[in-house]
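See structure below.
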Amino acid sequence: MDMEKIKSMIAEIEDIDLIDEIVNACRINAIERIRRAGSLRQIRGWTGINNGNLSQYLNEKKHVSTETLIKIAKQIRDNKNKMNPDET
Numbered sequence: 004m005d006m007e008k009i010k011s012m013i014a015e016i017e018d019i020d021l022i023d024e025i026v027n028a029c030r031i032n033a034i035e036r037i038r039r040a041g042s043l044r045q046i047r048g049w050t051g052i053n054n055g056n057l058s059q060y061l062n063e064k065k066h067v068s069t070e071t072l073i074k075i076a077k078q079i080r081d082n083k084n085k086m087n088p089d090e091t
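Residue numbers (the numbering used here): 4 to 91.
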């Protein structure tokens with residue numbers, strides 16, 4: 004789907020509860036992507052975040068912003084791509 008179309012659709016949402024649901028779905032998606040990336044040790048190597056904090060973030064025992072989770076997922080993606088440039 005075209006990103007501009009998605010942005011346009013989101014801009015038209017007036018129901019704050021729906022916005023909350025969308026943001027929560029994005030948060031869950033980011034957590035799942037991080038979980039599937041590898042072991043805590045691998046993720047720590049890619050992000051520099053210690054295992055204890057990672058575990059708490061992924062089990063939602065310590066709240067971090069959705070933006071932080073997305074930043075972590077991007078760090079993992081970028082570092083994995085550096086290691087395996089042929090894989091996407």
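For each residue, glycine too, the CB sits at the ideal point set by N, CA and C.
Just so we're clear, the structure is a prediction, and the values are computed from it rather than from any experiment.
I think residue i touches residue j, with their Cβ atoms under 8 angstroms apart; what is that distance to the nearest whole Å?
i, j, result
"V26", "T69", "6 angstroms"
"I46", "A40", "6 angstroms"
Using C-beta distances below 8 angstroms, list every residue in its chain close to residue i, excluding the 5 sequence neighbours before and after it, in chain order.
i, result
"R38", "L61"
"R30", "T69 and L72"
What are the start and end residues of the alpha helix (DSSP H) that includes residue i?
i, result
"K10", "M6 to A14"
"E35", "I19 to A40"
"E70", "T69 to M86"
Distance check for residue j and residue i, CA to CA, integer angstroms please.
i, j, result
"G55", "K77", "20 angstroms"
"S42", "S58", "10 angstroms"
Please return the same chain residues whose Cβ sits closer than 6 angstroms to the Cβ of residue i, not counting the five positions on each side in sequence.
i, result
"S11", "none"
"K74", "none"
"N82", "W49"
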